[in-house]
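Numbering (this note's numbering), first residue to last: 17 to 333. Cβ coordinates follow ideal geometry from the N, Cα and C atoms, glycine included. Notes to accompany the following structure.
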Amino acid sequence: MHRKIFLLVAAVATFALPGLAQNSKLNGTWKLNVAKSDFGQFPPPGGETDVIDIKGADFKQHVTSESPRGASQYTRACTIDGKDTPLTPDNPNAHIGPVLLTKILCAWEGSSLVITEGASMGGSDLTDKLTYSVSGDGNILTLTSHITSARMNGDRKMLYDRQTASATADPPAAAAPAASASRPNLTGSWKLNAAKSNFGTMGAPDSGVETIVDNEPSVKVTVDQKGGMMGDVNYTESISTDGKETTWAGMGGAEVKGTGHWDGATLVVNAKTSFQGSDVTIKDTYKVSDDGKSLTVATHAETSMGNFDATAVFDKL
17 MHRKIFLLVA AVATFALPGL AQNSKLNGTW KLNVAKSDFG QFPPPGGETD VIDIKGADFK
77 QHVTSESPRG ASQYTRACTI DGKDTPLTPD NPNAHIGPVL LTKILCAWEG SSLVITEGAS
137 MGGSDLTDKL TYSVSGDGNI LTLTSHITSA RMNGDRKMLY DRQTASATAD PPAAAAPAAS
197 ASRPNLTGSW KLNAAKSNFG TMGAPDSGVE TIVDNEPSVK VTVDQKGGMM GDVNYTESIS
257 TDGKETTWAG MGGAEVKGTG HWDGATLVVN AKTSFQGSDV TIKDTYKVSD DGKSLTVATH
317 AETSMGNFDA TAVFDKL
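And the structure:
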């Protein structure tokens with residue numbers, strides 16, 4: 017069941033590599049809280065709503081701002097790769113409202129996204145360092161701005177309230193289990209179908225077989241994976257589908273704690289672990305096809321550097 021933990025741990029370990037984060041706590045719609053923000057020497061807007069969308073290494077922030085002169089819109093976009101990218105006037109990414117950017121750099125610093133923009137204003141070079149950080153509960157976005165130039169320096173601190181549901185919010189309590197007749201038995205050997213799977217930027221292993229013994233409420237999974245980013249992997253997990261917490265050894269012997277429950281015909285497993293001081297939470301959902309010949313496992317994991325998603329499809333042997 018949490019076979020993706022190995023890929024996720026690899027992503028945390030290789031944090032400096034671009035494009036590993038599939039999603040982010042930053043994603044969503046945010047409304048500026050003008051009263052709680054500090055604009056320093058700069059005039060505040062009448063209001064602002066931002067929509068942030070991060071997919072892999074692609075970042076987009078669509079801004080709608082209100083002022084006495086009316087509403088204005090612009091989009092900030094960049095690749096989160098840590099590279100200083102020159103921008104020409106004909107590049108749409110160079111236009112941030114009335115400001116014409118000459119370069120942009122986007123990079124993760126821990127769980128914060130840092131965007132450094134360069135512009136030329138009145139013959140003087142200007143740099144604006146923007147840092148995006150989300151609160152632990154996922155409901156408040158803090159955006160700090162540090163502007164430096166030969167003519168002026170200034171700082172701003174903007175606070176935004178989330179308008180869409182937080183991806184990191186606690187999941188609702190599981191509904192009462194459906195009748196046992198609707199639950200498939202997962203017992204069998206399942207072979208990874210890499211062509212039908214999606215492992216994102218980390219790629220699929222060369223091969224993989226999972227052997228499952230489903231004796232409700234006990235489910236035991238033995239994973240045998242060859243090749244790929246993490247090389248050969250072999251381990252066994254024991255899950256209790258009655259909601260009781262169980263513990264097993266994960267990557268490098270790290271302790272993993274998890275619970276399982278049935279949601280209709282889908283088995284849901286939630287687990288938590290830690291790697292190099294970074295907490296990792298993982299949710300797997302298991303669904304067998306109507307003909308019983310294929311098993312689809314969708315994995316969603318969250319770390320301090322962002323979120324990850326993968327889908328593995330297995331054929332029954």
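Buried versus exposed, by CB contacts within 10 Å (16 or more), residue i
i: G126; result: exposed
i: P102; result: exposed
i: N214; result: exposed
i: M137; result: exposed
i: T289; result: buried
i: F330; result: buried
i: N286; result: buried
i: Q241; result: buried
i: G276; result: buried
i: A265; result: exposed
i: P114; result: exposed
i: R85; result: exposed
i: G274; result: buried
i: A220; result: buried
i: D144; result: buried
i: E271; result: exposed
Through-space distance from residue j to residue i, alpha-carbon basis
i: M168; j: K41; result: 33 Å
i: E318; j: T297; result: 5 Å
i: K206; j: K309; result: Looking at the sequence itself, residue 206 is Trp, so the reference to Lys does not match. Each residue's Cα considered, the two are about 9 Å apart.
i: V150; j: H162; result: 18 Å
i: R178; j: L157; result: 7 Å
i: E261; j: L146; result: 41 Å
i: K119; j: K332; result: 52 Å
i: N209; j: A326; result: 13 Å
i: N323; j: I70; result: 10 Å
i: A314; j: W46; result: 28 Å
i: T112; j: P60; result: It is worth fixing the name first, because residue 112 is Ile in this sequence and not Thr. Their Cα atoms are separated by approximately 17 Å.
i: T104; j: L117; result: 8 Å
i: G247; j: L142; result: 47 Å
i: H316; j: A328; result: 12 Å
i: T282; j: V50; result: 44 Å
i: T263; j: V130; result: 37 Å
i: D153; j: A123; result: 23 Å
i: N107; j: H78; result: 16 Å
i: G134; j: D295; result: 35 Å
Contacting residues, own chain, Cβ-Cβ under 7 Å from residue i (five flanking each side not counted)
i: T203; result: I228, V229 and D230
i: L33; result: Because the pLDDT at L33 is just 40, under 50, the model does not fix this residue reliably, and the point stays unresolved.
i: S244; result: It should be pointed out that residue 244 corresponds to Gly in this sequence rather than to Ser. G219, A220, P221 and D222, listed in sequence order.
i: G56; result: G170, D171 and R172
Which residues DSSP lists as bridging residue i, in chain order
i: D74; result: K71 and T95
i: P102; result: K119
i: T147; result: V130 and T160
i: M168; result: Note: M168 sits in no beta bridge, so no partner.
i: A326; result: T315
i: A265; result: E271
i: R178; result: W46
i: G276; result: V285
i: L142; result: A135 and S165
i: S198; result: Paired residue(s): none; S198 is not in a bridge.
i: D153; result: Paired residue(s): none; D153 is not in a bridge.
i: T80; result: T65 and Q89
i: Q57; result: Looking at the DSSP assignment, Q57 forms no beta bridge with any residue, so it has no partner.
Beta-carbon gap between residue i and residue j smaller than 8 Å
i: T257; j: K236; result: no
i: K52; j: L175; result: yes
i: A93; j: K76; result: yes
i: N43; j: I68; result: yes
i: S198; j: G98; result: no
Close Cβ partners of residue i (< 6 Å) along its chain, the five nearest in sequence each way excluded
i: N201; result: D230
i: T80; result: T65 and Q89
i: T95; result: A73
i: V284; result: H277 and T301
i: L311; result: W206, V304 and F330
i: L121; result: D100 and T132
i: P233; result: S256, T257 and D258
i: G224; result: L208 and Q241
i: K299; result: N286 and H316
Cβ shell of residue i (< 8 Å), same chain only, five flanking positions each side left out
i: F58; result: G170 and R172
i: S140; result: S165, A166 and R167
i: A211; result: none
Min CB distance residue i to chain C below 8 Å
i: E232; result: This model lacks chain C altogether, as it is built from one protein chain only.
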